[in-house]
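What follows is a single structure, written as structure tokens, with notes after it.
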Amino acid sequence: MSILLENGLVYQAGQLQLLDILITADRITAIGKDLAQLGIKVQRKIDLAGKLVAPGLVDVHVHYREPGFTYKETIKTGSQAAAHGGFTTVCAMPNLDPVPDNAAQLQDVQERNANDGIVHIKQYASITQKRQGEQLTDFKALKKAGAFAFSDDGSGIQTAGTMYLAMKRAAECDMPLVEHIEDNSLLFGGVMNAGQRAEELNLPGMLGLSESSQLARDLLLAKQTGVHYHACHLSTKESVALIRWAKLQKINVTCEVAPHHLLLADADIPKDDPFYKMNPPLRSKKDQQALIDGLLDGTIDMIATDHAPHSAEEKEGSMCQASFGITGSETAFALLYTRFVKTGIFKLEQLLDWMSARPAQEFRIKDAGMILPGRKADLAVFDLKNEFELRKEDYLSKGTNTPFTGTKAYGATEITFVDGKIVYQKED
Amino acid sequence: MLNMQERLKLQHFLTIKKLKNDQVEELIKRAEYFKAGGAVPEYAQPIYAVNMFFENSTRTHCSFEMAERKLGLQTIPFDPVASSVKKGETLYDTLLALNSIGVNLAVIRHSQNEYYKELIDLDETQKLNMGIVNAGDGSGQHPSQCLLDMMTIHEQFGHFKGLKIAIIGDLTNSRVARSDMRLLRQLGAKLYFSGPTCWYSSEFTEFGSYGKVDDLLPQMDVVILLRVQHERHKQEIGFSPTEYHTEYGLTRKRYTHMKKNAIIMHPGPINRGVELASELVESSRSRFAKQMQNGVFMRMAMIEAVINGRGLGGKQ
């Protein structure tokens with residue numbers, strides 16, 4: 001089977017050019033102008049009429065809830081949502097039941113990922129047994145079983161000693177440690193950012209210190225151990241400043257920011273609405289601006305969605321009772337493109353790098369993040385010209401818990417290819 | 001008055017990047033004139049040249065020396081191994097010494113990219129009163145190889161516009177590919193690339209399309225095969241010359257699918273049975289020998305341009 005994509009605005013390592021791409025079986029076999037002229041026999045031609053062809057997007061932070069919480073999401077629906085958003089490689093977090101904290105359990109999840117996933121799914125193993133933050137898992141055995149990296153996402157590691165040992169061990173087996181940073185002793189039962197808006201809404205606040213103070217600890221530990229330390233979903237201006245400092249000290253650190261922290265601040269929360277509840281929470285306008293600045297000056301390396309689907313019941317009522325987290329796979333590119341690229345704050349090239357090349361590069365994910373002949377045909381085609389509305393009925397995820405439903409945006413996904421096969425195509 | 005047209009005049013011949021299309025055509029015309037047996041200018045004063053090859057390249061070295069002799073230049077022997085460069089002297093100081101003893105023109109091949117930039121920058125005070133002809137710099141440019149390729153293509157087709165030209169092989173490490181693709185695009189040819197994808201990068205997309213050898217060959221007017229640099233690749237696990245030939249090489253079977261007037265070029269030295277089947281080296285489409293022959297005449301034209309630019313040789 002071969003497919004000729006004609007007249008796409010193809011993004012390749014810093015350049016956007018109108019090109020054709022020939023896909024034969026699972027790979028890109030030709031790339032250039034007027035490929036039809038060569039008279040190659042193809043089964044299918046698609047005229048893209050100038051639509052953007054990006055390397056399939058890479059998301060290093062998603063939650064697929066299987067096994068354990070399949071009423072929220074399954075590997076199938078989660079990966080369908082990813083494909084809908086133009087993602088072709090995702091990395092799934094280990095807050096599952098049972099937790100992939102041993103080789104057998106990790107292999108079970110990986111088999112499910114391979115069988116049910118329609119995009120490439122890399123699987124995180126946990127740092128500690130049952131993600132309880134105490135006993136470390138067998139890193140070597142988990143690496144051998146194919147773990148993507150280690151993370152206890154959903155909770156921070158409370159004890160410095162445990163973190164230190166985990167980093168030492170991860171460094172020894174040359175694996176990244178991906179950390180949800182949160183000091184539980186500074187939470188005080190908060191459900192949104194501590195600040196004026198929390199007071200106005202009469203809701204308990206979460207201190208930014210819970211993130212930044214633990215990050216400071218971790219960066220010093222990372223310096224000592226030399227581990228590749230990756231900070232998840234940065235949310236405060238202090239965290240950005242700390243990472244900026246750490247990079248100057250040549251500490252081996254990378255970090256991500258979630259789309260919602262770039263798009264919203266706590267002041268934008270209209271009322272006590274669980275769709276605005278996530279962890280870390282939406283912070284202040286100043287924090288939001290610091291995150292944008294951090295991306296632009298290279299402090300923040302990549303964007304990751306933290307796609308966190310929940311059932312309708314878990315997101316009802318008051319923020320005080322509801323679960324933390326919002327979905328992100330199906331809305332990330334369009335929202336960021338519309339808000340930041342169309343307004344000239346980011347260049348399209350930058351946004352694409354933060355969502356594909358950079359995560360692939362930092363986490364050494366082969367065959368992802370770049371369009372080149374010989375590579376696997378993992379591609380995302382986006383329509384940048386026409387405005388569309390993010391509609392609940394279009395979501396493929398089981399979770400519809402996002403405050404962005406109803407928003408108008410540009411950059412709808414037209415087609416997503418994984419290994420040369422169409423895994424998502426927009427219906428006309 | 002007859003024959004008073006302006007000849008190309010250059011202070012140095014360092015890169016093809018700044019050459020305009022009419023200048024390229026002028027060089028080709030002049031080289032073709034020499035090739036046809038046209039008279040060589042008679043210089044009133046002797047011109048002294050030196051060939052400084054800090055990287056081995058017997059073919060290019062001999063070709064430049066032949067060009068100099070045909071133009072009636074006096075060539076001074078220079079051995080980089082025995083020279084003071086080995087003692088740590090800078091290239092600039094070596095040139096200053098050679099210039100002081102009366103050398104007017106240096107042909108230089110060096111492993112450092114754009115080695116000449118330092119020389120020109122250092123020479124703001126104009127102490128160096130000599131012309132430099134670049135015979136290849138690192139992985140950068142190889143202007144004379146590029147221009148002799150242009151001459152060979154022009155010889156066959158008489159023009160460049162619309163020609164379909166494929167460059168196949170080790171693109172990443174090839175000066176030939178980088179120089180040729182720039183100039184060919186500028187001259188209006190349509191470029192294609194092929195070969196192992198690990199040797200291809202997006203830097204080439206700007207210049208042309210990548211396609212599979214079998215898809216490209218039947219459409220091409222010119223096929224430029226690049227040398228597989230065994231010395232670079234033999235350590236790579238799994239690299240097999242036989243497999244390369246089957247996958248990307250010009251086999252006898254592929255040869256039969258080529259266009260009627262198509263030609264094959266190769267910068268040499270050829271690995272017979274790898275880039276192309278051994279018996280195709282002397283085939284009717286092969287321009288391998290012609291390229292080397294043309295090289296001498298093109299180098300004459302290039303050196304002449306510098307002689308004219310610097311007013312060497314006194315009144316003609």
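The listed protein sequences correspond, in order, to chains D and R.
Per the UniProt record's numbering: the first sequence = residues 1 to 428.
Per the UniProt record's numbering: the second sequence = residues 1 to 316.
The beta-carbon is built from N, C-alpha and C at its ideal position, and this holds for glycine as well.
Given the structure is predicted, the values throughout are model-derived calculations rather than measurements.
Pairwise C-alpha distance: residue j and residue i
i, j, result
"arginine 364 of chain D", "arginine 59 of chain R", "43 Å"
"aspartate 214 of chain R", "valine 223 of chain R", "12 Å"
"lysine 259 of chain R", "arginine 285 of chain R", "10 Å"
"leucine 128 of chain R", "isoleucine 76 of chain R", "17 Å"
"alanine 36 of chain R", "histidine 154 of chain R", "15 Å"
"glutamate 314 of chain D", "tyrosine 229 of chain D", "32 Å"
"asparagine 271 of chain R", "valine 228 of chain R", "7 Å"
"leucine 115 of chain R", "serine 179 of chain R", "The sequence given here has tyrosine at residue 115 of chain R, not leucine. Between tyrosine 115 of chain R and serine 179 of chain R, the C-alpha separation is close to 16 Å."
"glutamate 25 of chain R", "phenylalanine 160 of chain R", "11 Å"
"isoleucine 157 of chain D", "leucine 136 of chain D", "11 Å"
"aspartate 101 of chain D", "phenylalanine 148 of chain D", "13 Å"
"phenylalanine 64 of chain R", "glycine 72 of chain R", "12 Å"
"proline 280 of chain D", "serine 210 of chain D", "9 Å"
"residue 319 of chain R", "glycine 38 of chain R", "Since the displayed chain R opens at 1 and closes at 316, residue 319 of chain R lies outside it and no answer follows."
"leucine 183 of chain R", "arginine 27 of chain D", "31 Å"
"aspartate 221 of chain R", "isoleucine 167 of chain R", "11 Å"
Reduced DSSP category for residue i - H, G, I as helix; E, B as strand; rest coil
i, result
"serine 63 of chain R", "helix"
"methionine 4 of chain R", "In this prediction, methionine 4 of chain R has a pLDDT of 43, which is less than 50 and means its spatial position is unreliable; nothing more can be read from the coordinates."
"alanine 82 of chain D", "helix"
"threonine 77 of chain D", "helix"
"glutamate 42 of chain R", "coil"
"aspartate 378 of chain D", "coil"
"asparagine 401 of chain D", "coil"
"alanine 125 of chain D", "strand"
"alanine 216 of chain D", "helix"
"glycine 32 of chain D", "strand"
"aspartate 149 of chain R", "helix"
"glycine 47 of chain D", "At residue 47 of chain D the sequence reads aspartate, which differs from the glycine that was named. Note: aspartate 47 of chain D maps to strand in three-state DSSP."
"aspartate 266 of chain D", "helix"
"valine 103 of chain R", "coil"
"residue 440 of chain D", "Here chain D has residues from 1 to 428 only, and residue 440 of chain D is not among them."
"cysteine 173 of chain D", "coil"
"phenylalanine 363 of chain D", "coil"
"glutamate 25 of chain R", "helix"
"histidine 230 of chain D", "strand"
"valine 176 of chain R", "helix"
"residue 430 of chain D", "Outside the modelled stretch of chain D, which goes from 1 to 428, sits residue 430 of chain D, for which no answer is possible."
"tyrosine 164 of chain D", "helix"
"leucine 5 of chain D", "strand"
"proline 55 of chain D", "strand"
Contacts that residue i makes with chain D (C-beta to C-beta distance below 8 Å)
i, result
"glutamate 206 of chain R", "Gln15 and Gln17"
"glutamine 186 of chain R", "By Cβ distance, chain D contributes nothing, its closest Cβ being about 16 Å from glutamine 186 of chain R, past 8 Å."
Contacts around residue i, its chain only, beta-carbon distance under 7 Å, and the 5 residues preceding and following it disregarded
i, result
"alanine 25 of chain D", "Met1 and Gly420"
"lysine 9 of chain R", "Ala305, Asn308 and Gly309"
Residue i: contacting residues in chain D (beta-carbon distance under 7 Å)
i, result
"leucine 216 of chain R", "Leu38"
"threonine 172 of chain R", "Here the premise fails: no neighbours, minimum Cβ distance about 12 Å."
CA nearest to the CA of residue i, picked from the options
i, options, result
"alanine 304 of chain D", "D/Val42, D/Thr338, D/Arg358 and D/Leu282", "D/Arg358"
"glutamate 256 of chain D", "D/Ala231, D/Ile269 and D/Asp266", "D/Ala231"
"serine 185 of chain D", "D/Pro204, D/Thr400, D/Gly161 and D/Gln214", "D/Gln214"
"proline 41 of chain R", "R/Arg7, R/Gln156 and R/Phe64", "R/Arg7"
"leucine 142 of chain D", "D/Ser155, D/Thr159 and D/Lys122", "D/Lys122"
"valine 107 of chain R", "R/Lys70, R/Ile28 and R/His12", "R/His12"
"cysteine 320 of chain D", "D/Asp138, D/Gly208, D/Ala368 and D/Lys271", "D/Lys271"
"tryptophan 199 of chain R", "R/Gly169, R/Arg182 and R/Glu206", "R/Gly169"
"glycine 154 of chain D", "D/Thr128, D/Asn7 and D/Ala145", "D/Thr128"
"alanine 36 of chain D", "D/Gly14, D/Lys51, D/Glu182 and D/Asn7", "D/Asn7"
"glycine 208 of chain D", "D/Ile251, D/Thr407, D/Tyr337 and D/His233", "D/His233"
9 Å Cβ cut-off: residues of chain D touching residue i
i, result
"glycine 211 of chain R", "Leu22, Thr29, Ala30, Ile31, Gly32, Leu35, Leu38, Ile40 and Pro373"
"glutamine 219 of chain R", "Gln37, Leu38 and Gly39"
Chain-ordered neighbours of residue i on chain R, where CB pairs are closer than 7 Å
i, result
"glutamine 12 of chain D", "Ser202 and Thr205"
Cβ shell of residue i (< 6 Å), same chain only, five flanking positions each side left out
i, result
"isoleucine 3 of chain D", "Ile23 and Arg44"
"aspartate 174 of chain D", "none"
"arginine 65 of chain D", "Lys72 and Glu73"
"serine 323 of chain D", "His310 and Glu314"
Check: residue i C-beta below 8 Å from any heavy atom of the ligand FAD
i, result
"glutamine 186 of chain R", "Looking for the ligand FAD in the displayed structure turns up nothing, as the structure carries no ligands at all."
Proximal residues to residue i (C-beta, below 8 Å), its chain only, five neighbours per side dropped
i, result
"glutamine 45 of chain R", "Leu312, Gly313 and Gly314"
"lysine 212 of chain R", "Ser194"
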